[in-house]
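In what follows, a structure is listed as structure tokens, so that the remarks can point back to it.
Following this line, the structure appears as structure tokens:
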């Protein structure tokens, strides 16, 4: 694993190695503190952050190792090794190492391991691997070798991948594990992939599916034992190309035989997931068209929702129909769904846009009806663009206006409305290729002038495959942004770049790099027109063309995908929303922009939902609450899937949690104040400026302190408080409780965490000198704590569990207890040139730290070397 920083110290008979740090004092005067700090983090199952923070004081460093191109995980290795040098050969007596592996694997196969990138984190509340048995240390090469083999097995979900063309709705499910097998003695590393994948891509009402049974593949071996397995790709021979029209067949519509029910007109609708009282998740309609693609907007005192529905009176090939429902905020009821334009032909890809009282919907409308044996190409070729305006007085959509009528596909329409101006843009492919790989692609637009939509006007032509498209306003004028595939091979994604074009201007390239830039989305930022897009686990945005983009997050976020949406509110609210699926359930996440602090929040989970979430679309209502509509897919008992139309309402609230409680046990002194670090996370949607931290003895508050802290939503910080310690210390468990003074919390289940003080801490220290063949040793048993205890001192030969030479029972350790020994080196070393004597003390009361309970001496007739100290690097074979 390349080199791991370490600090070495060699004494007359012993050596010490602080792994993962390069601070000389960590193996000198701070050795016992270093070991105890590490041991405390280990025993308390500290979070990765807690362990790293504690190691920073000793100069902790991170290194990386390379498995294959594009996969170079970071490895943090912290710990200690100590031992004796017998006849010039170091022998490990004790040691422990904690490993934290974090990595980002970027693959150009969109559905190989997805979503891409995948983050493997052993730690961060998931897992820490500890190695307690060190095999040995080579003084010449500086290599510490682990005695046992180590397996690190992070698990993750498989999904649909990134950079997928927006004409597709792709759902993926599966589980996978990467197993890192490390055998230190053999300098051997093996990485295996175990997983299964079920993938479904939907284009119009056609779908392509691929299911791969669970298997295990070898991804890497440092020196392969079976060369035929080297670097195997688990999906290399899967034979699935989601951009090949021949893979697609008309999707089964058998679900139409099951009942479908509209529940939106009931005040108390069916709740579909548990949640806190500030979250209300409801089912509006059951057993709907699986690819409904709901769109939601505010319209003064109403909300309007449109989606693709099934018309059971039509045949399967013509059944998809665009419908809408209006929410009355006073009654709390959604109206019965009504068709926007029931012309008997199929509808797809709806988009809503609203500005003031102006509300429009645009969609892709087929220009004819089909027989049941229709092909994907035929349906694609019939695609035209249609638009309708909502009449606020009648609460209905008006007559549809057809913007195109031809024999080539017009698809993926987008609409933008602002200050009475309205524009629609879409993609046209001259060979009717829905993926845009064959033929040439052009972008057309239409403008609303004097309440009439203009004839289609060419905006850009001769383009490669357009992965996605968005329209909006930037620099106070209408623009179209699109993600363009550089090589017309949609399976490769790192060549996807963002472009902007305006009427009368040439196309302007916004990004130019070797990473994927995808999913441009026009919205607003702080009241100004803005363009957002996805790049490497982050969302970038600009408010002026030519500006350097800002980033929503300081660093890449695991699980953030490029199917994000931007939610807006009438009061300047802005938030990014996206979904992620794990272990059969989905979650909606957000990052919220705070106007007061002019900063984005960290990642906040809005809600968990059983099943898979598809096509979420969200807004802020007039009260600043989230409303998010989406399709939920769940698996039924017979193995089939059912789609339900759902909506979630989230009232931004406070929700704090205590993640950890840390303090220095050596500072637990009667009658003093103990500094306690409390790790706090803001899981709510509102920032917190002040905390109240209570320390409780049972139900009684014994200390209470207000702490000024600025916690953005999703952010974690450490608050330090003081605890008044009693005059007599005994082992006792207390509680830390954190709350906010700024408002009511809806969930206080995780606001409290227990901690225990009053552990005893016994150590043994040795004094020695020689006179001739006699070694004189004084063993000092010392109680470093303020908790009384008895103890037992055991002297053994060869190892801690070796032949017992002497045992002393100590009734009290209130004062230093001394025992004097004389060892005849000629007698003890008669069979060996050297012999190790161990002095082990065991407390009667419970100890937290035992790393300083053993000391040893090496008895030999040879002269020892002088003590030296070296700071540098050692190679740790894993």
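Numbering (this note's numbering), first residue to last: 215 to 1092. Note that the Cβ used here is the ideal one computed from N, Cα and C, for glycine as well. Since we're looking at a predicted model, the values are computed, not measured.
Distance from the CA of residue 904 to the CA of residue 838, rounded to the nearest whole angstrom, comes to 22 Å. By the neighbour-count criterion, in which a residue is buried when 16 or more other Cβ atoms sit within 10 angstroms of its Cβ, residue 990 is exposed. In this structure, the beta-carbon distance from residue 1007 to residue 948 does not fall below 9 Å. For residue 532, the three-state secondary structure derived from DSSP is helix. A straight-line Cα-Cα distance of about 59 Å links residue 555 and residue 892. Taking a contact to require three or more Cβ pairs closer than 8 Å, the region 962-975 and the region 916-931 do not qualify as touching. Between residue 780 and residue 789, the C-beta spacing is below 9 Å. Here residue 983 is exposed. Its C-beta has fewer than 16 other C-beta atoms within 10 Å. Exclusion of the five residues before and after residue 569 leaves 631 and 632 as the residues of its chain whose Cβ lies within less than 6 Å of its Cβ. The beta carbon of residue 596 sits closer than 6 Å to the beta carbons of 580, 581 and 582 from its chain, once the five residues preceding and following it are set aside; these are given in chain order. Contact between residue 231 and residue 292 does not hold, since the beta-carbon distance rounds to 12 Å and is not under 8 Å. Burial state of residue 1044 is exposed, judged by a 10 Å Cβ sphere holding fewer than 16 other Cβ atoms. Under the 10 Å beta carbon count, residue 929 is surrounded by 16 or more other beta carbons and is classified as buried.
Within the model, the alpha-carbon separation for residue 738 versus residue 573 is close to 18 Å. Residue 641 carries a strand assignment under DSSP once its states are collapsed to helix, strand and coil. Between the beta-carbon of residue 754 and that of residue 695 there is about 12 Å, and that puts the pair past the 8 Å contact cut. For the pair of segments examined, the region 971-987 was found not to touch the region 855-865: the number of CB pairs separated by less than 8 Å stays below three.
The residue among 716, 759 and 600 with its C-alpha nearest the C-alpha of residue 615 is 600.
In this chain, residue 1001 is not harboured by any alpha helix (DSSP H), its DSSP state being neither H nor E. Between residue 843 and residue 974, the C-beta gap is not smaller than 9 Å, which leaves the two residues out of contact. Between the alpha carbons of residue 250 and residue 879 lies a distance of about 10 Å.
If you draw a straight line from the Cα of residue 494 to the Cα of residue 476, it comes to about 18 Å. Here the alpha carbons of residue 707 and residue 527 stand approximately 41 Å from one another.
Inclusion of residue 611 and residue 538 in the CB contact set at 9 Å is warranted, their separation being smaller than that value. Linking residue 946 to residue 1025 through their CA atoms gives a straight-line distance of about 22 Å.
In this structure, the CA atom of residue 954 is about 34 Å from the CA atom of residue 826. If you draw a straight line from the Cα of residue 492 to the Cα of residue 730, it comes to about 37 Å. Bounds of the beta strand (DSSP E) holding residue 494 are 493-499. In its chain, beyond the 5 residues on either side, 716 have a beta carbon closer than 7 Å to the beta carbon of residue 691. Cβ neighbours of residue 700 within its own chain (closer than 6 Å, five residues either side excluded): 709. Within its own chain, the residues whose Cβ lies closer than 7 Å to the Cβ of residue 942, once the five positions on either side in sequence are excluded, are 884, listed in chain order. Cβ-Cβ distances below 6 Å link residue 1069 to 978, 980 and 1053 in the same chain, with the five nearest sequence neighbours on each side left out; the list follows chain order.
A direct Cα-to-Cα measurement between residue 619 and residue 721 gives close to 26 Å.
Taking each of 550, 997, 713 and 778 in turn and checking the Cα distance to residue 1059, the smallest one comes out for 997.
For the options 1029, 1013, 1002 and 1018, the alpha carbon positioned closest to that of residue 995 is the one of 1029. Secondary structure at residue 524: strand, using DSSP grouped into helix, strand and coil.
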